[in-house]
Every structure is written in C-alpha cells, then in structure tokens.
Amino acid sequence: MAESTYPMLAVETALAIVLEQAAPLAPMRTALAAAHRHILAEAVHAAKPLPPFPASVKDGYAVVASDGPGVYPVIGEVTAGRIADFAVQPGTVAYITTGAPLPTGADAVVMVEETEELSTATQHNEDATSVGQRQVRIQARVSAGADVRPIGYDVAVGQEVLPAGAYLGAAEIGLLATIGAAEVSVYPAPRVAILSTGDELVEADAPLNPGQIHDSNRPTLAAAVEALGGVVVDLGIAGDAPAAIESAVERGLTEADILLTSGGVSMGNLDLLKPLLDRTGFVHFGRLRMKPGKPCTFATVERNGRRKLIFALPGNPVSSLVTFYLLGAPALRKLAGWPNPRLTRVQVCLSQPLRLDPYRPEYHRATVRWEMSLHEGRGALLADSTGNQASSRLLSMRSANALLELPQGEGVLEAGATVTALLIGDVV
Ligand code: AMP
Ligand code: MG
1277 MAESTYPMLA VETALAIVLE QAAPLAPMRT ALAAAHRHIL AEAVHAAKPL PPFPASVKDG
1337 YAVVASDGPG VYPVIGEVTA GRIADFAVQP GTVAYITTGA PLPTGADAVV MVEETEELST
1397 ATQHNEDATS VGQRQVRIQA RVSAGADVRP IGYDVAVGQE VLPAGAYLGA AEIGLLATIG
1457 AAEVSVYPAP RVAILSTGDE LVEADAPLNP GQIHDSNRPT LAAAVEALGG VVVDLGIAGD
1517 APAAIESAVE RGLTEADILL TSGGVSMGNL DLLKPLLDRT GFVHFGRLRM KPGKPCTFAT
1577 VERNGRRKLI FALPGNPVSS LVTFYLLGAP ALRKLAGWPN PRLTRVQVCL SQPLRLDPYR
1637 PEYHRATVRW EMSLHEGRGA LLADSTGNQA SSRLLSMRSA NALLELPQGE GVLEAGATVT
1697 ALLIGDVV
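My numbering applies: residue 1277 is where the sequence shown begins, and numbers increase by one.
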C-alpha cells in the first residue's frame, strides 16, 4: 500500500497551526439574557455605584453613633426600597431593614440583636412627649459607619467589573445585571457544520440492511459541539460519492464557520476528502503522529471574506471524537473568543499499569477523580482507564473525562506513575 505523502505532525505542532488559522469571530451586541456562556469582547465599567445609597447591612436601628447606649424613641421605620421622609436627630433612632437607605442624620446601624424593644406603656416613659411612642433600648456602643455599606462599597463608579475576554458564567451575568448593563458585546457562538461520509451509514432510527451500521459520529460530534457552546448545522450523511460529499462540503462552507467531516480520510481508494480539500482550499496537514486518529486532516478555505476551518476527521468513532477534542474544540473556543482556547491540562496518577505504544504517543481515555488518600493524604487526581482502547470502540469513551497523554515508548507505565491529562469533561 502506498505511503501517504503528508508528513506526520506532532499533535502540539498541529494544534499550533490550527490556532494560528483560527481567528475570533466579529463581536456582536447582545441582550444580557443571551450572553450567558459567551466571552466578553470589551471590558465593562460600572456607570453607577453599588450600593447607590448608604445601605444598612442589618435589620436593626439607624442611630447617631455618638449617642451611645440608652433608651431612645423610635421616630420611624425605613424598609428596603423606600426613602425615609424624616431625619434621625441626635437622641432618636429609626427602625431599619437590611438593604434600606440610611436616613439622613443617622451614621450607623445597631443590629436588632443588640437592642431591646420596650412597650410604650412601661415606666421607661419618663418623658411626657414620648408617651405612646415606640421606644428601644440600644445596648451596644458602635462607631460611625458600623453596619452601613457606603455608596460604591461593592462596586465603585468607573470600576472595571469585567475585563475583555471574561467568560460569562452565573456570577459574571449577575455583575453585569447589578451595574445595569442590559446589553453587552460578546463573541458569537461559532456555527459548526457536521457531515458523515460512508455508504455503510444509516441514521439511528433506520433499520440496518446487510453491511450497514448506524451513523454515530454525527450525533457524537453534534453533542460535543453543543457542549462547547457551538451551534450545529447538520449536513446529514453523504455516502461515498465524491459529488455528494462536495456539495455537502460547499453547503457547510457557506453556512458555518467550522466544518467537521468524518470518514473517508484513510489511505486507499476511499481517501475522498483530502483531494477535494486540496482543490477547494489549502490542506495544512493530513496526518498526525498520535493514536487514535492518525489520518486527521485540517484545511482552510476562504468563503464570503471569512476563513473557514475544515477538520476532516477519521471515521472510527473514537478517533473522530478524540481528534475533535484535541484540535476542533480549541479551534471552536478560539473563534468564540476564548483568550486561552486549549483544553485544561492536569497531572494525574495512574490507578493501573498502562502499556506504551512504541511508535506513536497515545491519548488514552480515562475517568479522573479526586482521591484523598494519595500523596500521603494530601490528595491527587487518580485516573482509571476505560479499558480496551480500540479506536472503533466508543465504549472506551464512556464516562471518560480525560485523555491521558501517554508518551511513545517501550514497556509499561506502572500504577502510581504520574502523567499529564487533558480534561474533556467535569471531574466529579
Ligand atoms: P473510513 O475512515 O471512512 O474508512 O472509516 C473508518 C471506519 O469508521 C469504518 O469502519 C467506518 O465504517 C467507520 N465509520 C466511518 N464513519 C462513521 C460514522 N459516522 N459512524 C460510525 N462509524 C463510522
Ligand atoms: Mg468511509
């Protein structure tokens, strides 16, 4: 069999090429409710302070701090959302709730636990003017400013609340809401077109005729793309006819920022994608020095003034998903504006011995979890292999949240050995 003419690139080299070709999409203004899980395109500064008024931190009494402990008439109440229509004079106090604006004249709050409410009919009513009025015994001595959040305590006017490049999760959405930023500039979700190739493939709901299998790559890749925040454009199954593949590829290039195809990149008669991509655009690489997924191909095509990224992934289900995580996921994140689009790399401890591949580095699928008993009770991440690593065996990706970066080499890595791993899911 003829050798491929494409040089075999190290994954790190291939990833550098991919990230160089991938440019963030043009930012767009979006309503805050739609900004969740996007990357902020420009820094956001607070146009107003929070709180916008001196606010009580506790339920209690607004006081003049220098008055000190003693019995005082309660001249009014102020609750959150309202402004007092009175001022607190020395020798008087006002009931106040958490978050309410401090009335004029008061300079501190004494929490309710440090007070005792007195009934109006008690003997403490020595002053005739306060008969029939609420009174309270203030038991604590507080200094000015006690239990009051001054204006701008949480967020100062002009303060940068989020830098450009921030990921908008729950807290960040809250920060934007709290400063009244109803619309923000974010990078849009990349559109990712997904095509399966192969005459043997049918949909999951179709009966299998002899020689056929269900298409698993397209649903798998669609789910992976959605999990990363991409928008899927489904191109269906193209079979192995070059014309059908070409028209589906064209549609993908028109409608999406990234095109993922799977199958048809191995050596032999049905190496369909590389010649097509060679004609349509520029093939940056056609082979990777890695396992599983050696024939992974990457090309770029200029369409509508944009550079479209094409990943022609191998057909084997594991190979296509692993190569998508290694190259496609960082590309998707780069387009989505992530300042560091790479997968997170951690150190993990092997729970069992693993045999190395003498020819290629291997991305061994594993389930990683925190194990407190490791490293003399200080804890470490422990990696359990998902078992048989055949590239056709999608079960080897079940529950996998990490790809162990096993170096090319002889022999085995012993249980307890430390290796690096790329996280592809949550550590639970
Ligand atoms: P290929 O790269 O087209 O030679 O495919 C390699 C292997 O992956 C073959 O066994 C194919 O049947 C299988 N394969 C290709 N595409 C898919 C797919 N979308 N879903 C499941 N298996 C596939
Ligand atoms: Mg095929």
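In this text, a Cβ means the ideal position worked out from N, Cα and C, and glycines have one as well.
A quick note: this is a predicted structure, and the numbers were derived from the prediction, not measured.
Nearest to residue i by alpha carbon, out of the options?
i       : options                            : result
Val1418 : Leu1444, Ala1447, Tyr1337          : Tyr1337
Tyr1601 : Val1509, Cys1572, Pro1483, Val1703 : Cys1572
Phe1362 : Ala1693, Thr1380, Val1347, Gly1375 : Thr1380
Arg1645 : Leu1699, Glu1502, Pro1439, Pro1366 : Leu1699
Val1409 : Ile1315, Leu1511, Ile1351          : Looking at the sequence provided, one finds Gln at residue 1409 rather than Val. It is Ile1351 whose Cα lies nearest to the Cα of Gln1409.
Gln1411 : Leu1603, Leu1670, Glu1392          : Glu1392
Ala1659 : Pro1617, Arg1636, Val1704, Pro1615 : Val1704
Gly1701 : Pro1634, Asp1343, Lys1584, Ala1503 : Ala1503
Gly1506 : Gly1346, Lys1567, Ala1605          : Ala1605
Gly1450 : Val1431, Gly1441, Tyr1463, Pro1464 : Val1431
His1651 : Ala1442, Ala1360, Ala1693          : Ala1693
Leu1657 : Ser1667, Tyr1635, Leu1689, Thr1696 : Thr1696
Pro1464 : Leu1689, Arg1305, Ser1595          : Arg1305
Gly1428 : Pro1325, Ser1649, Ile1534          : Pro1325
Asp1533 : Ala1302, Leu1394, Met1648, Ser1523 : Ala1302
Gln1684 : Met1566, Leu1552, Leu1444          : Met1566
Glu1531 : Val1386, Ser1668, Arg1582          : Arg1582
Ser1595 : Glu1647, Gly1434, Arg1494          : Arg1494
Ser1395 : Val1347, Glu1436, Val1433          : Val1347
Ala1322 : Glu1526, Leu1438, Gly1655          : Leu1438
Glu1288 : Arg1563, Arg1579, Leu1308          : Arg1563
On the DSSP letters alone, give me the boundaries of the alpha helix (DSSP H) that residue i sits inside.
i       : result
Lys1610 : 1605-1611
Pro1495 : 1493-1503
Leu1553 : 1549-1556
Arg1527 : 1518-1531
Thr1454 : 1446-1454
Thr1599 : 1593-1599
Leu1295 : 1287-1297
On the premise that residue j lies in contact with residue i, defined as a C-beta separation below 8 Å, what is that separation, rounded to the nearest angstrom?
i       : j       : result
Ala1691 : Leu1626 : 6 Å
Ser1632 : Gly1687 : Here the sequence assigns Leu to residue 1632, which means Ser is not the residue at that position. That belief holds up - the Cβ atoms of Leu1632 and Gly1687 are roughly 6 Å apart, short of 8 Å.
Ile1414 : Pro1366 : At roughly 13 Å, the Cβ-Cβ gap does not stay under 8 Å, so Ile1414 and Pro1366 are not in contact.
Ala1317 : Ser1461 : 4 Å
Ala1290 : Leu1603 : 6 Å
Asp1423 : Val1364 : Their Cβ separation, rounded to whole angstroms, is 14 Å, which puts Asp1423 and Val1364 out of contact at 8 Å.
Val1320 : Asp1383 : No, Val1320 and Asp1383 are not in contact; Cβ-Cβ is about 33 Å, not under 8 Å.
Ala1575 : Leu1553 : 4 Å
Leu1511 : Leu1452 : Not really, about 36 Å apart at Cβ, beyond 8 Å.
I'd like the list of long-range same chain contacts for residue i, defined as Cβ closer than 8 Å, with 5 residues on each side in sequence excluded.
i       : result
Thr1473 : Ile1513, Ala1514, Gly1515, Asp1516, Ile1521, Thr1537, Ser1538, Gly1539, Gly1540, Leu1548, Leu1549, Gly1591
Gln1399 : No answer about Gln1399 holds up, because its pLDDT of 47 lies below 50 and its placement is not dependable.
Ala1397 : For Ala1397, the pLDDT reaches just 49, beneath the cut-off of 50, and the residue's location in the model is therefore unreliable, although a value from the coordinates is still provided. Counting only Cβ-Cβ distances below 8 Å, and skipping sequence neighbours, we find nothing.
At a cut-off of 7 Å, is residue i close to the ligand MG when judged by its beta-carbon and the heavy atoms of the ligand?
i       : result
Asp1516 : yes
Thr1716 : With the chain running from 1277 to 1704 in the structure shown, residue 1716 is simply not present.
Gly1445 : no
Gly1591 : yes
Using C-beta distances below 7 Å, list every residue in its chain close to residue i, excluding the 5 sequence neighbours before and after it, in chain order.
i       : result
Gln1628 : Ser1661, Ala1691
Val1577 : Leu1529, Thr1556, Gly1557, Lys1584, Ile1586
Ala1404 : In this prediction, Ala1404 has a pLDDT of 43, which is less than 50 and means its spatial position is unreliable; what the coordinates show is noted afterwards. Closer than 7 Å at Cβ, skipping near neighbours: no residue.
Val1478 : Leu1484, Gln1488, His1490, Asp1491
Gln1665 : His1640, Arg1641, Ser1672
Met1284 : Arg1563, Leu1564, Arg1565
At a cut-off of 7 Å, would you count residue i as near the ligand AMP, judging by its Cβ distance to the nearest heavy atom?
i       : result
Val1541 : yes
Arg1494 : yes
Gly1487 : no
Asp1660 : no
Gly1604 : no
Asp1491 : yes
Leu1511 : no
Glu1479 : no
Ser1668 : yes
Ser1538 : yes
Tell me which same chain residues have a C-beta within less than 6 Å of the C-beta of residue i, skipping the five on either side of it?
i       : result
Asp1335 : Thr1373, Thr1374, Val1388
Ser1406 : Annotation note: pLDDT 44 at Ser1406 (below 50); position unreliable, no value reported.
Phe1329 : Pro1377
Val1223 : In this structure the chain extends from 1277 to 1704, so residue 1223 is not present and cannot be described.
Tyr1639 : Val1598, Leu1679
Lys1610 : Leu1295, Ala1298, Pro1617
Ala1588 : Thr1537, Val1541, Leu1549, Thr1573
Ala1416 : Val1386, Glu1390
Pro1486 : none
Since residue i is in the beta strand (DSSP E), which residue starts that stretch and which ends it?
i       : result
Gly1710 : Lying outside 1277 to 1704, the shown extent of the chain, residue 1710 is not represented and no answer is given.
Glu1392 : 1391-1394
Ile1427 : Per DSSP, Ile1427 belongs to no beta strand (DSSP E) and is neither H nor E.
Phe1587 : 1582-1589
His1640 : 1638-1647
Ser1668 : Element bounds for Ser1668: n/a, residue is neither H nor E.
Does the beta carbon of residue i sit closer than 8 Å to a beta carbon anywhere in chain B?
i       : result
Tyr1601 : The displayed structure is made up of one protein chain only, and chain B is not part of it.
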